[in-house]
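Numbering (my numbering), first residue to last: 873 to 1191.
Note that beta-carbon positions come from the ideal geometry of N, C-alpha and C, so glycine has one too.
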(Lines of atoms letter the chains of each structure in order from A and count residues from 1; the text may use other names and numbers.)
(Lines give C-alpha, C1' and ligand atoms only; values in the text may rest on other atoms or scores of the structure.)
Protein backbone atom coordinates (compact mmCIF):
# COMPACT_ATOMS: atom_id res chain seq x y z
CA UNK A 1 0.00 0.00 0.00
CA UNK A 2 1.45 3.37 -1.02
CA UNK A 3 1.82 6.16 1.54
CA UNK A 4 -0.82 8.83 1.96
CA UNK A 5 -1.68 12.01 3.84
CA UNK A 6 -4.86 12.89 5.70
CA UNK A 7 -6.48 16.32 5.80
CA UNK A 8 -9.19 17.14 8.32
CA UNK A 9 -11.79 19.89 8.48
CA UNK A 10 -12.79 19.86 12.13
CA UNK A 11 -16.01 21.46 13.29
CA UNK A 12 -18.10 21.99 16.34
CA UNK A 13 -20.72 19.45 15.28
CA UNK A 14 -19.17 17.53 12.37
CA UNK A 15 -15.73 16.65 11.07
CA UNK A 16 -14.55 15.52 7.61
CA UNK A 17 -11.30 13.63 7.04
CA UNK A 18 -9.90 12.95 3.54
CA UNK A 19 -6.93 10.76 2.61
CA UNK A 20 -4.92 11.31 -0.55
CA UNK A 21 -1.76 9.92 -2.14
CA UNK A 22 1.19 12.27 -2.74
CA UNK A 23 -0.01 12.82 -6.33
CA UNK A 24 -3.30 14.25 -5.01
CA UNK A 25 -5.49 11.24 -5.73
CA UNK A 26 -8.14 10.97 -3.02
CA UNK A 27 -8.44 7.40 -1.75
CA UNK A 28 -10.90 7.75 1.12
CA UNK A 29 -13.09 10.05 3.17
CA UNK A 30 -14.91 9.74 6.48
CA UNK A 31 -17.27 11.93 8.48
CA UNK A 32 -17.84 12.04 12.21
CA UNK A 33 -18.61 14.17 15.24
CA UNK A 34 -17.13 17.52 16.18
CA UNK A 35 -13.65 18.00 17.65
CA UNK A 36 -13.87 21.46 19.23
CA UNK A 37 -12.22 20.76 22.57
CA UNK A 38 -13.29 24.15 23.91
CA UNK A 39 -16.86 22.85 23.80
CA UNK A 40 -16.55 19.14 24.54
CA UNK A 41 -13.19 18.79 26.29
CA UNK A 42 -9.84 17.50 25.08
CA UNK A 43 -10.50 13.81 25.78
CA UNK A 44 -13.76 13.64 23.84
CA UNK A 45 -12.41 15.74 20.96
CA UNK A 46 -9.38 13.43 20.67
CA UNK A 47 -11.60 10.34 20.84
CA UNK A 48 -13.93 11.69 18.15
CA UNK A 49 -11.02 12.36 15.81
CA UNK A 50 -9.44 8.98 16.51
CA UNK A 51 -12.68 7.22 15.69
CA UNK A 52 -12.84 8.98 12.33
CA UNK A 53 -9.18 8.33 11.50
CA UNK A 54 -9.41 4.69 12.59
CA UNK A 55 -12.36 4.10 10.29
CA UNK A 56 -10.55 5.79 7.43
CA UNK A 57 -7.28 3.90 7.94
CA UNK A 58 -9.04 0.55 8.32
CA UNK A 59 -10.22 0.90 4.74
CA UNK A 60 -7.01 2.02 3.10
CA UNK A 61 -4.14 0.76 5.27
CA UNK A 62 -2.01 2.24 8.04
CA UNK A 63 0.84 4.05 6.32
CA UNK A 64 -0.35 7.59 6.97
CA UNK A 65 2.64 9.93 6.76
CA UNK A 66 0.96 13.08 7.97
CA UNK A 67 -2.26 14.23 9.64
CA UNK A 68 -3.17 17.89 9.09
CA UNK A 69 -6.12 19.00 11.18
CA UNK A 70 -8.17 22.18 10.95
CA UNK A 71 -9.14 22.69 14.59
CA UNK A 72 -12.11 24.97 15.44
CA UNK A 73 -10.69 25.61 18.92
CA UNK A 74 -7.66 27.41 17.45
CA UNK A 75 -7.07 30.89 16.04
CA UNK A 76 -3.42 30.26 15.11
CA UNK A 77 -1.17 27.18 14.71
CA UNK A 78 -0.77 24.97 17.79
CA UNK A 79 2.62 25.00 19.46
CA UNK A 80 4.54 21.83 20.31
CA UNK A 81 3.11 21.57 23.83
CA UNK A 82 -0.50 21.82 22.69
CA UNK A 83 0.12 19.39 19.84
CA UNK A 84 1.50 16.81 22.28
CA UNK A 85 -1.37 17.41 24.68
CA UNK A 86 -3.98 16.84 21.99
CA UNK A 87 -2.11 13.85 20.55
CA UNK A 88 -2.06 12.06 23.90
CA UNK A 89 -1.52 8.36 23.32
CA UNK A 90 -3.83 8.32 20.28
CA UNK A 91 -1.67 10.08 17.69
CA UNK A 92 2.00 10.48 16.86
CA UNK A 93 2.71 14.18 17.55
CA UNK A 94 5.50 14.10 14.95
CA UNK A 95 2.86 13.42 12.28
CA UNK A 96 0.19 15.73 13.71
CA UNK A 97 -0.15 19.28 12.38
CA UNK A 98 -2.81 21.34 14.17
CA UNK A 99 -3.93 24.53 12.46
CA UNK A 100 -7.10 26.56 12.82
CA UNK A 101 -10.09 25.48 10.75
CA UNK A 102 -10.10 29.00 9.30
CA UNK A 103 -6.54 28.47 8.05
CA UNK A 104 -7.51 25.31 6.18
CA UNK A 105 -10.35 27.23 4.54
CA UNK A 106 -7.86 29.99 3.68
CA UNK A 107 -5.47 27.51 2.02
CA UNK A 108 -8.38 26.10 0.04
CA UNK A 109 -8.68 29.59 -1.40
CA UNK A 110 -5.11 30.90 -1.70
CA UNK A 111 -3.29 27.56 -2.15
CA UNK A 112 -0.73 28.72 0.40
CA UNK A 113 -0.17 32.19 -1.02
CA UNK A 114 -0.97 35.58 0.50
CA UNK A 115 -4.64 36.35 0.86
CA UNK A 116 -7.59 36.44 3.23
CA UNK A 117 -10.62 34.34 4.10
CA UNK A 118 -13.80 35.74 5.64
CA UNK A 119 -15.92 33.02 7.24
CA UNK A 120 -19.51 33.47 8.38
CA UNK A 121 -21.17 30.34 9.70
CA UNK A 122 -22.55 29.95 13.21
CA UNK A 123 -19.74 32.35 14.17
CA UNK A 124 -17.53 34.62 12.08
CA UNK A 125 -13.80 35.24 11.69
CA UNK A 126 -11.30 36.80 9.28
CA UNK A 127 -7.88 35.23 8.71
CA UNK A 128 -5.14 36.67 6.54
CA UNK A 129 -1.79 35.21 5.51
CA UNK A 130 0.87 37.69 4.47
CA UNK A 131 3.58 37.23 1.86
CA UNK A 132 5.91 35.82 4.50
CA UNK A 133 3.48 33.09 5.58
CA UNK A 134 2.53 34.74 8.89
CA UNK A 135 -1.12 34.48 9.93
CA UNK A 136 -3.19 37.42 11.20
CA UNK A 137 -6.66 37.07 12.70
CA UNK A 138 -9.56 39.48 13.22
CA UNK A 139 -12.99 38.80 14.68
CA UNK A 140 -13.84 35.38 16.02
CA UNK A 141 -14.66 36.77 19.47
CA UNK A 142 -17.57 34.40 20.02
CA UNK A 143 -21.31 34.92 20.20
CA UNK A 144 -21.26 36.83 23.50
CA UNK A 145 -18.85 39.47 22.20
CA UNK A 146 -20.19 39.87 18.70
CA UNK A 147 -19.20 37.76 15.68
CA UNK A 148 -20.83 40.22 13.22
CA UNK A 149 -22.07 38.63 10.02
CA UNK A 150 -22.44 35.23 11.65
CA UNK A 151 -25.64 33.25 11.58
CA UNK A 152 -25.96 33.78 15.32
CA UNK A 153 -25.51 37.56 15.10
CA UNK A 154 -28.00 37.83 12.23
CA UNK A 155 -30.46 35.67 14.19
CA UNK A 156 -30.22 37.82 17.32
CA UNK A 157 -30.55 41.06 15.34
CA UNK A 158 -33.50 39.57 13.48
CA UNK A 159 -35.24 38.47 16.66
CA UNK A 160 -34.71 41.89 18.24
CA UNK A 161 -36.31 43.46 15.14
CA UNK A 162 -39.23 41.04 15.44
CA UNK A 163 -39.69 41.93 19.13
CA UNK A 164 -39.69 45.63 18.27
CA UNK A 165 -42.34 44.88 15.64
CA UNK A 166 -44.47 42.84 18.07
CA UNK A 167 -44.27 45.59 20.69
CA UNK A 168 -45.03 48.37 18.16
CA UNK A 169 -41.82 50.28 18.86
CA UNK A 170 -40.11 49.44 15.57
CA UNK A 171 -41.00 49.13 11.90
CA UNK A 172 -43.00 46.21 10.58
CA UNK A 173 -40.77 43.56 9.01
CA UNK A 174 -41.31 40.21 7.31
CA UNK A 175 -38.62 38.87 9.67
CA UNK A 176 -41.38 38.76 12.28
CA UNK A 177 -43.42 36.19 10.38
CA UNK A 178 -40.24 34.27 9.57
CA UNK A 179 -39.50 34.06 13.30
CA UNK A 180 -43.03 32.88 14.08
CA UNK A 181 -42.69 30.13 11.49
CA UNK A 182 -39.14 29.08 12.35
CA UNK A 183 -39.82 28.77 16.08
CA UNK A 184 -43.43 27.52 15.65
CA UNK A 185 -44.85 30.35 17.74
CA UNK A 186 -48.56 30.64 18.47
CA UNK A 187 -47.84 33.63 20.68
CA UNK A 188 -44.76 35.90 20.52
CA UNK A 189 -44.00 35.35 24.22
CA UNK A 190 -43.34 31.68 23.47
CA UNK A 191 -40.06 32.83 21.96
CA UNK A 192 -38.65 33.16 25.49
CA UNK A 193 -39.03 29.44 26.16
CA UNK A 194 -37.63 28.54 22.73
CA UNK A 195 -34.50 30.67 23.05
CA UNK A 196 -33.71 29.97 26.70
CA UNK A 197 -34.47 26.24 26.66
CA UNK A 198 -31.56 24.21 28.07
CA UNK A 199 -31.49 21.99 24.99
CA UNK A 200 -31.33 24.97 22.63
CA UNK A 201 -27.95 25.26 20.88
CA UNK A 202 -26.11 28.17 19.30
CA UNK A 203 -26.14 26.32 15.98
CA UNK A 204 -29.92 25.91 16.06
CA UNK A 205 -30.42 29.57 16.90
CA UNK A 206 -27.95 30.54 14.18
CA UNK A 207 -30.09 28.59 11.72
CA UNK A 208 -32.67 31.34 11.99
CA UNK A 209 -29.98 33.79 10.91
CA UNK A 210 -30.29 32.52 7.34
CA UNK A 211 -33.90 33.69 7.27
CA UNK A 212 -32.79 37.31 7.66
CA UNK A 213 -30.88 37.59 4.34
CA UNK A 214 -33.67 35.60 2.69
CA UNK A 215 -36.11 38.33 3.67
CA UNK A 216 -33.61 41.00 2.66
CA UNK A 217 -33.34 39.46 -0.80
CA UNK A 218 -37.15 39.59 -1.03
CA UNK A 219 -37.07 43.33 -0.40
CA UNK A 220 -37.57 43.73 3.35
CA UNK A 221 -35.88 46.97 4.36
CA UNK A 222 -35.33 46.02 8.01
CA UNK A 223 -33.67 42.74 7.07
CA UNK A 224 -31.52 44.48 4.47
CA UNK A 225 -30.31 47.00 7.04
CA UNK A 226 -29.44 44.19 9.48
CA UNK A 227 -27.32 42.54 6.79
CA UNK A 228 -25.61 45.77 5.79
CA UNK A 229 -24.86 46.67 9.41
CA UNK A 230 -23.20 43.30 9.97
CA UNK A 231 -21.27 43.16 6.70
CA UNK A 232 -20.02 46.71 7.26
CA UNK A 233 -18.02 45.48 10.27
CA UNK A 234 -16.56 42.60 8.25
CA UNK A 235 -15.67 44.96 5.40
CA UNK A 236 -13.99 47.44 7.76
CA UNK A 237 -11.87 44.68 9.28
CA UNK A 238 -10.91 43.26 5.88
CA UNK A 239 -10.03 46.71 4.53
CA UNK A 240 -7.80 47.46 7.54
CA UNK A 241 -5.92 44.19 7.01
CA UNK A 242 -5.43 44.83 3.29
CA UNK A 243 -4.08 48.32 3.98
CA UNK A 244 -1.40 46.75 6.16
CA UNK A 245 -0.69 43.91 3.72
CA UNK A 246 -1.58 44.97 0.16
CA UNK A 247 -0.46 41.56 -1.17
CA UNK A 248 -3.45 40.01 0.63
CA UNK A 249 -6.04 41.77 -1.54
CA UNK A 250 -7.53 38.45 -2.72
CA UNK A 251 -10.42 37.77 -0.35
CA UNK A 252 -12.27 34.48 -0.14
CA UNK A 253 -15.74 34.22 1.40
CA UNK A 254 -16.86 31.01 3.09
CA UNK A 255 -19.31 29.58 5.60
CA UNK A 256 -23.03 28.90 5.46
CA UNK A 257 -24.10 32.55 5.52
CA UNK A 258 -21.75 33.78 2.79
CA UNK A 259 -21.88 30.63 0.67
CA UNK A 260 -25.67 30.39 0.61
CA UNK A 261 -26.67 34.05 0.37
CA UNK A 262 -25.78 36.09 -2.68
CA UNK A 263 -27.34 39.10 -0.92
CA UNK A 264 -24.83 38.90 1.94
CA UNK A 265 -21.88 38.30 -0.42
CA UNK A 266 -22.85 41.25 -2.58
CA UNK A 267 -23.35 43.55 0.42
CA UNK A 268 -19.94 42.61 1.83
CA UNK A 269 -18.21 42.92 -1.56
CA UNK A 270 -19.70 46.35 -2.26
CA UNK A 271 -18.73 47.68 1.17
CA UNK A 272 -15.20 46.27 1.00
CA UNK A 273 -14.53 47.55 -2.52
CA UNK A 274 -15.82 50.99 -1.52
CA UNK A 275 -13.08 51.01 1.13
CA UNK A 276 -10.47 49.08 -0.90
CA UNK A 277 -11.14 49.15 -4.65
CA UNK A 278 -8.22 46.78 -5.20
CA UNK A 279 -9.91 43.97 -3.23
CA UNK A 280 -10.89 40.90 -5.26
CA UNK A 281 -13.67 38.81 -3.67
CA UNK A 282 -14.65 35.26 -4.66
CA UNK A 283 -15.59 31.84 -3.32
CA UNK A 284 -12.81 29.30 -2.62
CA UNK A 285 -12.10 26.65 -5.26
CA UNK A 286 -11.40 23.91 -2.70
CA UNK A 287 -13.25 23.05 0.54
CA UNK A 288 -11.35 23.18 3.87
CA UNK A 289 -10.75 19.42 4.06
CA UNK A 290 -8.88 19.65 0.76
CA UNK A 291 -7.27 22.85 2.02
CA UNK A 292 -5.81 20.73 4.82
CA UNK A 293 -4.38 18.31 2.25
CA UNK A 294 -3.05 21.17 0.12
CA UNK A 295 -1.31 22.51 3.23
CA UNK A 296 0.26 19.11 3.92
CA UNK A 297 1.35 18.63 0.30
CA UNK A 298 2.76 22.15 0.11
CA UNK A 299 4.84 21.65 3.27
CA UNK A 300 6.39 18.55 1.68
CA UNK A 301 7.12 20.23 -1.66
CA UNK A 302 4.55 18.04 -3.43
CA UNK A 303 2.06 20.70 -4.56
CA UNK A 304 1.91 20.98 -8.36
CA UNK A 305 -0.81 21.95 -10.84
CA UNK A 306 -1.48 18.29 -11.64
CA UNK A 307 -1.77 17.53 -7.91
CA UNK A 308 -4.57 20.08 -7.57
CA UNK A 309 -6.28 18.70 -10.67
CA UNK A 310 -6.17 15.21 -9.17
CA UNK A 311 -7.55 16.41 -5.85
CA UNK A 312 -10.53 18.13 -7.42
CA UNK A 313 -11.33 15.34 -9.87
CA UNK A 314 -10.94 12.41 -7.48
CA UNK A 315 -12.78 13.99 -4.54
CA UNK A 316 -16.06 14.20 -6.46
CA UNK A 317 -16.60 10.47 -5.87
CA UNK A 318 -16.76 11.12 -2.10
CA UNK A 319 -19.09 14.13 -2.03
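Going by DSSP, name the residue or residues bridged to residue i.
i	result
residue 886	905
residue 876	936
residue 900	891
residue 1010	998
residue 942	881 and 971
residue 1152	1122
Residue i by DSSP, collapsed to three states: which one?
i	result
residue 970	strand
residue 1105	helix
residue 989	strand
residue 954	helix
residue 881	strand
residue 1031	helix
residue 1056	coil
residue 1161	helix
residue 1122	strand
residue 1070	coil
residue 1079	helix
residue 913	coil
residue 926	helix
residue 1037	helix
residue 1003	coil
residue 1177	helix
residue 1045	coil
residue 1065	helix
residue 978	helix
residue 1084	helix
residue 1018	coil
residue 1127	coil
residue 1023	helix
residue 1193	No statement about residue 1193 is possible, as the shown extent of the chain runs from 873 to 1191 and does not include it.
Only counting the same chain, and skipping five residues up and downstream in sequence, which positions put a Cβ closer than 6 Å to that of residue i?
i	result
residue 1073	none
residue 897	1182 and 1186
residue 1148	1111 and 1114
residue 1117	1002
residue 1037	1044, 1045 and 1048
residue 962	918 and 922
residue 965	955, 956 and 959
residue 1008	1000
residue 1006	none
residue 1092	1045 and 1046
residue 1139	1099, 1100 and 1103
What residues in its chain sit with their C-beta under 8 Å from that of residue i, if we drop five residues either side in the sequence?
i	result
residue 916	909
residue 935	873, 874, 875 and 876
residue 906	882, 883, 884, 885, 886, 887, 912, 917, 920 and 944
residue 1085	1026, 1095, 1099, 1129, 1133, 1135 and 1136
residue 932	873, 876, 891, 899 and 900
residue 1150	1114, 1118 and 1121
residue 1178	895 and 896
With a Cβ-Cβ cutoff of 8 Å, do residue i and residue j count as a contact?
i	j	result
residue 1129	residue 1153	no
residue 996	residue 1021	yes
residue 980	residue 1160	yes
residue 889	residue 902	yes
residue 924	residue 939	no
residue 1120	residue 947	no
residue 994	residue 1014	no
residue 1104	residue 1145	no
residue 1180	residue 894	no
residue 949	residue 978	no
residue 879	residue 992	no
Who are the near neighbours of residue i in its chain, counting only those whose CB is closer than 7 Å to its CB and skipping five residues on each side?
i	result
residue 911	884
residue 1170	984
residue 976	881, 942, 1160, 1163, 1164 and 1167
residue 1109	998, 1010 and 1011
residue 1053	none
residue 1055	1063 and 1066
residue 929	936
residue 927	902
Rounded to the nearest angstrom, how far is the Cβ of residue i from that of residue j, given a contact under 8 Å?
i	j	result
residue 1088	residue 1095	4 Å
residue 1047	residue 1083	7 Å
residue 974	residue 968	Going by Cβ atoms, the distance from residue 974 to residue 968 rounds to 18 Å, so no, they are not a contact pair.
residue 1080	residue 1051	7 Å
residue 990	residue 1106	6 Å
Answer yes or no: the CB of residue i versus the heavy atoms of the ligand MN, is any distance below 7 Å?
i	result
residue 1154	Only the bare structure without any ligand can be found here, which leaves the ligand MN out of the picture.
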